[in-house]
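First comes the structure, then the notes that go with it.
In structure tokens, the structure reads:
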């Protein structure tokens with residue numbers, strides 16, 4: 001038995017005990033070509049025992065490329081599952097977000113068909129039956145803490161798209177995780193109706209509870225129950241650096257000014273913060289900063305949130321997942337359960353990322369893109385405009401609907417071929433996930449550009465003045481001046497661009513290893 | 001007196017009678033540099049007498065360029081007001097949408113600073129005080145049908161951003177329109193609180209009423225009341241053509257299939273339809289089609305909606321404006337008031353376009369872009385990527401949040417230099433307002449591409465197969481094959497593009513007058 005209770009004590013609906021089996025025994029249920037749905041979100045709350053057993057089976061029997069599946073999961077899951085599946089050529093389609101070197105390689109070499117979508121849309125569209133031929137998911141694999149007497153699924157460290165999977169899955173395998181405490185009571189589950197019968201989500205503060213603590217499940221669909229003792233392989237903590245600290249300082253300063261002007265309440269508004277070193281620095285800055293009684297309404301909580309709770313500044317946090325590090329995050333959380341548990345609610349992705357509560361609450365959205373351009377279009381997904389990293393995630397859900405829409409990035413990123421680095425502020429983004437209509441404030445360590453109410457050319461000048469790295473400033477200023485002059489002269493200059501030159505910096509990087517071009521001249525022969 | 005009642009009968013708060021004056025007498029209240037907010041939306045319900053009197057004053061006294069204002073209005077207003085102001089160099093800033101040859105010229109030549117934003121965001125951001133230095137509007141000019149005893153403003157043919165103007169305007173001029181019947185009872189006004197105090201909008205069907213029939217107004221802010229008899233200069237009816245009818249037929253067919261598959265109810269879901277010949281053809285197709293008990297939840301109702309009501313197929317329509325043609329639209333509407341009035345509700349822009357009801361109701365969003373690309377990014381605003389036409393409007397509010405997100409366009413548009421026309425499906429859109437993450441279905445007269453659940457390369461092939469004009473099909477297929485080959489070989493091919501060639505069709509149009517290029521060769525000297 002486990003120190004966290006026996007499997008028997010976790011399966012409170014006793015008639016289900018007869019469906020308990022070993023992970024290896026579930027391999028019989030999988031057939032190549034199946035559409036699979038998993039629990040899990042940003043490596044938290046995903047099934048582990050069954051996917052790993054299946055991967056072992058494929059490896060042992062040399063079935064690489066002969067057992068391929070379509071994977072629909074709320075967001076990324078642990079590398080030991082989806083990335084290992086990619087290594088073993090077990091993935092055909094993957095929606096809507098992923099993490100891992102091998103899965104990314106498979107996508108960018110054309111072996112894995114990935115699609116990304118705003119996460120709130122992915123969740124509901126899955127429930128609408130938009131992703132598969134017959135609208136169904138053949139098999140769902142769900143990690144649970146417990147099963148209630150009436151067959152309610154008590155989830156673990158995330159909610160993901162489990163409610164939608166209950167709507168469209170034909171068969172269900174449950175993994176009961178007895179290797180950690182039960183998360184019972186932390187979830188707020190809403191089984192959303194599809195239109196035209198959908199009802200309002202009556203969330204009016206981050207701490208609002210509008211649902212139930214378990215997900216209703218049809219017991220006849222459950223074909224297997226497997227015990228698992230594996231924990232989430234949560235991401236390692238990203239250290240802060242000077243650049244991130246400078247960005248965070250600009251943002252805290254901006255908040256203070258907005259409070260002074262009466263445009264933000266003294267305790268700000270519910271915060272959404274992405275992942276990574278800048279997000280960590282912002283949370284760190286808030287822990288030391290002047291604002292009290294903060295709340296968080298976001299999609300993922302990471303280790304730094306525990307620091308913010310410990311600082312006494314954070315009253316409550318709502319999220320889709322609790323994505324702590326395997327160590328020290330989760331042990332710290334479990335050891336202090338009483339301190340944190342009643343200040344956190346975990347919601348399904350369709351609720352955590354829904355425009356309705358995000359806009360009503362007036363979230364402050366903060367995310368890091370790959371790059372942004374002078375007019376405030378941002379690329380969040382495709383390096384160089386074509387190579388997928390992870391996916392769009394929920395950035396668009398929060399940026400479109402937030403009270404303030406903030407993106408932050410270092411002004412340059414390291415390059416192997418240029419000691420100054422490549423610029424993250426470009427004349428034209430080679431791929432666009434968030435448009436100029438969706439962003440209010442862009443920040444680099446150089447400064448903060450408050451673009452609210454500015455016309456495109458005014459935005460561009462402010463971006464150059466405030467955000468561009470000094471080494472790139474004269475280059476981008478020259479482009480902007482030239483584009484303005486040429487376009488305005490032709491009466492086509494609302495948002496000036498020169499389509500023969502707008503990607504010259506990127507082209508020069510590919511050819512000569514640097515974006516710091518010597519001039520904007522270019523000679524083009526169209527070969528017609 | 002007017003046939004529609006006297007000014008006295010319309011001003012039911014009698015103490016306000018002393019503020020009645022002639023339009024010319026309000027000129028004293030205007031000072032160059034002021035921030036002005038008007039009622040009005042898609043030439044409906046905008047002030048006319050005062051703006052025209054001010055324009056006459058400027059013209060008569062040669063004050064061109066010496067009386068300039070910043071104009072904040074829900075959307076476009078009649079050409080006799082904003083376009084005339086542009087002619088007379090009376091506009092500095094203009095948000096967030098406009099119509100008119102002279103205003104567009106001023107924007108694209110750099111004299112008028114226009115910015116566009118999703119209309120739902122514009123409305124709320126205006127109420128947040130994001131658009132002006134002190135967050136205030138100096139003077140609001142509002143067209144009303146009547147003023148109630150408790151100083152409620154009964155609006156006319158649109159609601160626009162009047163509730164937000166009441167929050168931020170320092171002074172108010174009212175135009176009481178006695179040249180047409182009062183619209184009293186048709187509006188459903190919600191004075192939305194700003195976060196963190198915003199409450200749910202409990203709209204669960206197009207016909208839900210959640211507010212009041214007039215807008216509360218502080219009588220002390222009213223500095224003048226002017227009588228007006230001018231009617232809205234609504235747009236002329238756009239005739240249908242074969243292309244539009246073919247597009248509409250594809251869409252109706254698609255709806256039938258979705259109903260058959262059980263993914264849409266028999267009476268569909270609330271419809272949002274843009275403006276123009278394709279939208280007219282779709283509405284025309286619905287009037288003759290198999291679907292009954294339809295509802296509409298949209299931002300603008302045009303003449304064709306009266307046909308849909310008359311067909312008996314339409315039960316109810318919710319909109320921000322009733323933008324009928326001056327003739328025959330409005331006379332037909334007024335003559336049959338009893339038939340239409342209780343089937344229409346007019347809502348403020350902040351409600352009509354809010355993600356909350358749009359997503360809850362599951363609207364079917366249909367809009368026409370300038371162009372879209374093979375990966376399903378759409379350009380709705382900037383011809384050639386830089387020249388502003390009208391603005392983004394509410395297309396993004398509905399496309400992002402609709403149950404189905406549909407864009408429709410002819411496969412080609414007429415060109416003066418190429419008898420085949422220019423293609424509206426391009427390898428890469430030169431400007432992007434709606435991303436691949438926001439669109440489900442793209443349609444041209446060639447066919448309908450249902451892109452739901454498809455990865456980028458699969459989307460591109462379907463777009464080429466279904467939507468591209470036959471003359472352009474081999475050209476774009478060649479680009480796509482070449483881009484796939486080159487990018488996949490480098491392991492950067494999630495969404496293949498070639499940044500040296502992706503705009504070659506546009507560059508060739510500029511140089512040689514045609515997008516039908518002979519080959520994809522190009523020679524580039526970066527001049528480094």
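Chains as they are written, first to last, in full-length UniProt numbering: chain X, 1 to 528; chain A, 1 to 528.
Positions of the beta carbon are idealized from the N, C-alpha and C atoms, including for glycine.
Opposing strand residues paired with residue i [DSSP bridges]
| i | result |
| --- | --- |
| residue 297 of chain X | X:318 |
| residue 272 of chain A | A:365 |
| residue 77 of chain X | DSSP output for residue 77 of chain X lists no bridge partner at all. |
| residue 447 of chain X | X:444 |
| residue 525 of chain X | A:523 |
| residue 491 of chain X | Answer by DSSP bridge pairing: none, since residue 491 of chain X is not bridged. |
| residue 465 of chain A | The partner list for residue 465 of chain A (beta bridge, DSSP) is empty, contrary to what the question assumes. |
| residue 373 of chain X | X:426 |
| residue 405 of chain X | X:365 |
| residue 382 of chain A | A:388 |
| residue 212 of chain A | A:189 |
| residue 50 of chain A | Answer is none; residue 50 of chain A lacks a bridge partner. |
| residue 71 of chain X | X:36 and X:94 |
| residue 434 of chain X | X:378 |
Presumed contact (8 Å Cβ cut-off) between residue i and residue j, rounded CB distance
| i | j | result |
| --- | --- | --- |
| residue 128 of chain X | residue 116 of chain X | Not really, about 17 Å apart at Cβ, beyond 8 Å. |
| residue 13 of chain A | residue 148 of chain A | 7 Å |
| residue 146 of chain A | residue 169 of chain A | Not a contact, Cβ separation roughly 19 Å. |
Outcome for residue i when other beta-carbon atoms lying within 10 angstroms are tallied against a minimum of 16
| i | result |
| --- | --- |
| residue 413 of chain X | exposed |
| residue 48 of chain A | buried |
| residue 556 of chain X | There is no way to answer for residue 556 of chain X, as the model of chain X reaches only from 1 to 528. |
| residue 1 of chain X | Unreliable positioning characterises residue 1 of chain X in this predicted model, as indicated by a pLDDT of 47, which lies under 50. The coordinate reading is nonetheless provided below. With fewer than 16 other Cβ atoms within 10 Å, it is exposed. |
| residue 17 of chain X | exposed |
| residue 546 of chain A | Only positions 1 to 528 of chain A appear in this structure, which leaves residue 546 of chain A out of reach. |
| residue 362 of chain X | buried |
| residue 9 of chain X | exposed |
| residue 32 of chain A | exposed |
| residue 6 of chain X | exposed |
| residue 530 of chain X | Only positions 1 to 528 of chain X appear in this structure, which leaves residue 530 of chain X out of reach. |
| residue 257 of chain A | exposed |
| residue 386 of chain A | buried |
| residue 312 of chain A | exposed |
| residue 260 of chain X | exposed |
| residue 285 of chain A | buried |
| residue 15 of chain X | exposed |
| residue 401 of chain A | buried |
| residue 530 of chain A | One cannot answer for residue 530 of chain A here, as it falls past the ends of chain A, which runs 1 to 528. |
| residue 134 of chain A | exposed |
| residue 460 of chain X | buried |
In the segment 107-129 of chain X, which residues sit with their C-beta less than 9 Å from some C-beta in chain A, listed in chain order? 107, 108, 109, 110, 112, 113, 114, 115, 116, 117, 118, 120, 121, 124, 125, 128 and 129
With 9 Å as the limit, tell me which residues of the segment 239-269 of chain A have their beta carbon closer than that to any beta carbon of chain X; keep them in chain order. 261, 262, 263, 265, 267 and 269
Can you give me, in chain order, the residues of the segment 380-404 of chain A that have a beta carbon less than 7 Å from any beta carbon in chain X? 382, 384, 385, 386, 387, 388, 392, 396, 400, 401 and 403
Beta strand (DSSP E) segments (min. 3 residues) lying fully within the segment 320-351 of chain A: 344-346
If the cut-off is 9 Å on Cβ atoms, which residues from the segment 142-165 of chain A count as contacting chain X, listed in chain order? none
For the segment 194-206 of chain A, which residues have a beta carbon sitting closer than 9 Å to at least one beta carbon of chain X? 194, 195, 196, 197, 198, 199, 200, 201, 202, 203, 204 and 205
Inside the segment 122-192 of chain X only - alpha helix (DSSP H) runs reaching at least 4 residues: 162-168
Length at least 4, wholly inside the segment 81-122 of chain X: the alpha helix (DSSP H) runs in chain order: 84-87 and 101-108
Could you tell me which uninterrupted beta strand (DSSP E) segments, each at least 3 residues in length, are contained entirely in the segment 214-286 of chain A, listed from first to last along the chain? 222-228 and 271-273
Check distances from the C-beta atoms of the segment 470-494 of chain X to those of chain A and list, in chain order, the residues that come in under 8 Å. 484, 487, 488, 491, 492, 493 and 494
Taking Cβ-Cβ distances below 8 Å as the criterion, which residues of the segment 32-58 of chain X are in contact with chain A? none
Taking only beta carbons into account, state which residues of the segment 355-376 of chain A come closer than 7 Å to chain X, listed in chain order. 355, 356, 359, 360, 361 and 362
Contact set between the segment 318-348 of chain A and chain X, restricted to residues whose Cβ is under 7 Å from the partner: none
By the 9 Å beta-carbon criterion, what residues does the segment 443-463 of chain X contribute toward chain A? 452, 453, 454, 455, 456, 457, 458 and 459
Under 8 Å, CB to CB, which of the residues in the segment 289-311 of chain A have a partner in chain X? none
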